[in-house]
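Novice: Line by line, the protein sequences are chains A and B. When the first sequence is numbered by the working numbering, its final residue is 673 and no position is left out of the sequence of numbers. When the second sequence is numbered by the working numbering, its final residue is 1136 and no position is left out of the sequence of numbers. For reference, the structure I am asking about is given below.
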Amino acid sequence: MTKKLVTQAIVQCNEQGDKAFVPYIMAGDGGLQTLKKTILFLQEAGATAIEVGIPFSDPVADGDVIQQAGERALAEGITLRKIMTELASFKEEVQIPLVIMTYLNPVLSYGLQSIAADCEASGVYGLIVPDLPLEESGLLKEALKNSEVALIQLVSLTSPAERIEAIAKAAEGFIYAVTVNGITGVRSSFTEGLEGHLERLKAASSVPVLAGFGISTPEHVRTLGGLADGVIVGSAIVTALHEGEYEKVRTLINASKNQLTNS
Amino acid sequence: MTTETKGRYGKFGGQFVPETLMTALQELETAYEEAQQDPAFSKELDYYLKEFVGRETPLFFAERLTKHAGGAKIYLKREDLNHTGAHKINNSLGQALLAIRMGKKKIVAETGAGQHGVATATACALLGLECVVFMGKEDIRRQELNVFRMELLGTKVVSVDKGSGTLKDAVNEALRYWVSNVEDTHYILGSALGPHPFPQIVRDFQRVIGDETRKQIVEHEGRLPDAVVACIGGGSNAIGMFHPFVDDQDVKLYGVEAAGSGISTGKHAAAIAGKQEGVLHGAYMYVLQDEDGFIQEAHSISAGLDYPAVGPEHCHLADIKRVQYDSVTDQQALEAVQLLSRVEGIIPALESAHAVYYAVQLAKEMKEDELLVICLSGRGDKDMQTVRDALGGQSI
Ligand SMILES: Cc1ncc(COP(=O)(O)O)c(C=O)c1O
């Protein structure tokens, strides 16, 4: 039973008639001490899992909102190592799986030998590395081999059919379906072909498919959630948390509940 | 000599990019392979290199510099005489023609010194392509006139004030822009960096430097040189110069990184000297970074060398010890700017001055019948303000 924890959390959520909701937070935005409070709040508010972002000096896949949150976190001296230690300190209180989203270089610098065990000790059951496409994933996959930690792959709108198939076949945890051509950030609209794209992805994949990038309103959560097994919401959550608008966060999460009728 | 499986140079290189770019990179790879096999493509490129850029560039015997150094005979490969003033145009033109082949009408590029930006803006004006260039805020300050040049050429220059506001941050923004506009836009990367196939494409388009040098030195001297020296930012002028000589074991190759205020001060741009490996901008390379894997800012008086990594093929050539990499400080480069200006009547770019300084020291240790070639990658016009400020008026 390896690498199933994240998958199970999403499947169980779907079985209860809800879509999965995975909020993205920038770890250490507002200081390391806010991390526990934020995670426990999101858990209580009904998140299925939480994507914990690690700040990086050169976040090429991120838009302005997450870049700025990252800069605030970097200014607080946040590092992957500090986040791992902090997460381990309140692991017992977290019942939903955590997923770390980090660029590759901090992981390499952390050390591939210790990453899997340290993730497990911190309640982290998935890694999303946006600059690690399938072709380059071998090294990290090997490092996570005998652990509960899934290496979650992204699929983009530009990925051709054979590529989607190859990624789906290798998929662990869930598939992160990038819903725009671009970087993270709030969008007002999505392309026409998205529905068919997500349908094909779901057909090709044995793990759940979550839609992410650009999803920022309860309306988006409902429509895009309806087309997939759930959603990931980044910039809108990061902004709401930064501004202390906790009710906004609840409204977004609530939009994912009682949704299964569409699918 | 170098192994090239899947865009790898030994353990360096690769394709560490967001999934959205993978398809574009594979398209680029295919289009490039087709172009390489199409004689019409190289014919067209050769035409523009000759008639528009002014190639071939001379290999000039620097008699007074040779006398000054008092050792090996020094030749200068005059890339400074190219249209737009540096080697960068060789690559910009090649990639712009490639973009047209791929049916892409829009170009995005990054620039540090502004030389690659100007070269790309020029190629786009020549070929009727739309162009946007990202440039760090700090570099815009250092290279104000190059910004004006690009704008005059019809390019939109976007200031990047994130991070250190230099080349690495401009590459980040250019990559973000490319991810968001990948369907109709080609990214003309300006150095032998980035994900495969960029390091190979840039090297191949810059190879003309080394190919010409090889032919010219034989014309002048009847034999190959004993030493070849080039400066290393991302490594494009150097790899273009070195590549045709890599299999000639008797030709010693020297790459010169920017030591900034000195390696020991930590304020430098010498990634190979730093010896730390990591991933930046899509490739596994030697990268300046801290113990948490955050990329560090590079420091050099020359904007074109101010990059915290070195292209993957150079990393490999360093590992197998085929090329020797050393570094030269800001002060030494400034000295070399003055020296070359006075003894040869050639004002070199600050980047190239790093190679000049190193080569003069090297020449002193070589015999009088030995031959040394310096890749004079660019001219110094763009640096006049910087050099004047740094010298505080003292040399004039
Ligand atoms: C004149 C000149 N030389 C050298 C460089 C360094 O780049 P590379 O190492 O790619 O040749 C630059 C970069 O802008 C340049 O303008």
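For each residue, glycine too, the CB sits at the ideal point set by N, CA and C.
Closer than 7 angstroms is what we want: which residues have a beta carbon that near any heavy atom of ligand 1? List them in chain order.
Specialist: B/Ala826, B/His827, B/Lys828, B/Gly852, B/Ala853, B/Gln855, B/His856, B/Gly930, B/Ser931, B/Ala932, B/Cys971, B/Ile972, B/Gly973, B/Gly974, B/Gly975, B/Ser976, B/Asn977, B/Ala978, B/Ala1043, B/Gly1044, B/Leu1045, B/Ala1089, B/Glu1091, B/Ser1092, B/Ser1117, B/Gly1118
Novice: Hey, is the stretch 795–812 of chain B in contact with the stretch 1107–1117 of chain B, meaning 3+ C-beta pairs nearer than 8 angstroms?
Specialist: yes
Novice: Name, in chain order, the residues that DSSP records as bridge partners for B/Phe801.
Specialist: B/Tyr815
Novice: When the cut-off is 8 angstroms and only beta carbons count, does A/Gln523 lie next to chain B?
Specialist: no
Novice: B/Val1068: which of B/Tyr927, B/Gln776, B/Ser1092 sits nearest, CA to CA?
Specialist: B/Ser1092
Novice: What residues are listed by DSSP as bridge partners for B/Leu993?
Specialist: B/Val968, B/Val1063
Novice: Can you grab the Cα-Cα spacing for the pair B/Glu744 / A/Ile642, in whole Å?
Specialist: Reliability fails at B/Glu744, whose pLDDT of 43 lies under 50, so the model's placement of it is uncertain and no value is given.
Novice: Give me the chain B residues within the contact set of A/Asn591, using Cβ-Cβ distance strictly less than 9 angstroms, ordered along the chain.
Specialist: Listed along chain B, the residues sitting closer than 9 angstroms to A/Asn591 by beta-carbon distance are Thr760, Val919, Ser920, Asn921, Val922, Glu923.
Novice: Near B/His808, which residues of its chain fall below 8 angstroms by C-beta distance, leaving aside the five closest residues on each side in sequence?
Specialist: Leu1079, Val1083, Val1100
Novice: Is any beta-carbon of chain A found at less than 8 angstroms from that of B/Arg818?
Specialist: no
Novice: Please state whether DSSP places B/Leu1131 in a helix, a strand or coil.
Specialist: helix
Novice: List the endpoints of the continuous alpha helix (DSSP H) containing B/Pro939.
Specialist: 938–961
Novice: Using CA coordinates, which residue listed in B/Lys1015, B/Gly1085, B/Leu867, B/Gln1036 is at the minimum distance from B/His1056?
Specialist: B/Lys1015
Novice: Examine chain B for any beta-carbon lying closer than 8 angstroms to the beta-carbon of A/Leu542, and answer yes or no.
Specialist: yes
Novice: Tell me where the beta strand (DSSP E) around B/Ala1023 begins and ends.
Specialist: 1023–1027
Novice: Which runs of the beta strand (DSSP E) at least 3 residues long sit entirely within the stretch 558–600 of chain A? Give them in chain order.
Specialist: 560–562, 585–588
Novice: At the 8 angstroms Cβ level, is A/Glu575 part of the contact set with chain B, yes or no?
Specialist: no
Novice: Are the beta-carbon atoms belonging to B/Gly930 and B/Ala998 less than 8 angstroms from one another?
Specialist: no
Novice: From the DSSP output, which residues share a beta bridge with B/Val858?
Specialist: In DSSP, B/Val858 forms no bridge with anything.
Novice: Using a Cβ-Cβ cut-off of 8 angstroms, state whether A/Glu546 counts as contacting chain B.
Specialist: yes
Novice: Report yes or no: is there a C-beta of chain A within less than 8 angstroms of the C-beta of B/Leu915?
Specialist: yes
Novice: Which residue's Cα is closest to the Cα of B/Glu1105: B/Lys790, B/Lys813, B/Tyr772, B/Arg947?
Specialist: B/Lys813
Novice: Consider the Cβ of B/Gly1018: report whether some Cβ of chain A lies at a distance smaller than 8 angstroms.
Specialist: yes
Novice: Using only alpha-carbon positions, find the residue among B/Ala1009, B/Gln940, B/Tyr1065, B/Gly1022 that is nearest to B/Val996.
Specialist: Comparing Cα positions, the closest option is B/Tyr1065.
Novice: Report the rounded CA-to-CA distance for B/Ala1089 versus B/Asp951, giving the unit in angstroms.
Specialist: When rounded, the separation of the alpha-carbon atoms in B/Ala1089 and B/Asp951 is 22 angstroms.
Novice: Tell me the rounded alpha-carbon separation between A/Leu651 and A/Phe451.
Specialist: 10 angstroms
Novice: Going by DSSP in three states, B/Ile847 sits in which element: helix, strand or coil?
Specialist: strand
Novice: So, are the CB atoms of A/Gly548 and A/Thr589 less than 8 angstroms apart?
Specialist: no
Novice: Establish whether the CB of A/Val470 and some CB of chain B are separated by less than 8 angstroms.
Specialist: yes
Novice: Since A/Ala430 sits in a beta bridge, which residues does DSSP pair it with?
Specialist: A/Gly640
Novice: Under 8 angstroms, Cβ to Cβ, is there at least one residue of chain A near B/Gly973?
Specialist: Answer no: the Cβ-Cβ gap between B/Gly973 and chain A never drops below 8 angstroms.
Novice: Do you know offhand how far A/Gly644's Cα is from B/Leu915's?
Specialist: 20 angstroms
Novice: Evaluate B/Met741 with the Cβ neighbour count: other Cβ atoms within 10 Å of its Cβ, from every protein chain shown; 16 or more gives buried, anything less gives exposed.
Specialist: Here the model assigns B/Met741 a pLDDT of 36, short of 50, so the residue's position is not dependable and the matter cannot be decided.
Novice: Between the stretch 1044–1056 of chain B and the stretch 969–980 of chain B, do at least 3 Cβ pairs fall closer than 8 angstroms?
Specialist: yes
Novice: Taking its Cβ as the centre, do 16 or more other Cβ atoms sit within 10 Å of A/Leu497, making it buried, or is it exposed?
Specialist: Burial is judged here by how many other beta carbons sit within 10 angstroms of a residue's own beta carbon; A/Leu497 has at least 16 and is buried.
Novice: Per DSSP, what kind of secondary structure is B/Phe752 in: helix, strand or coil?
Specialist: strand
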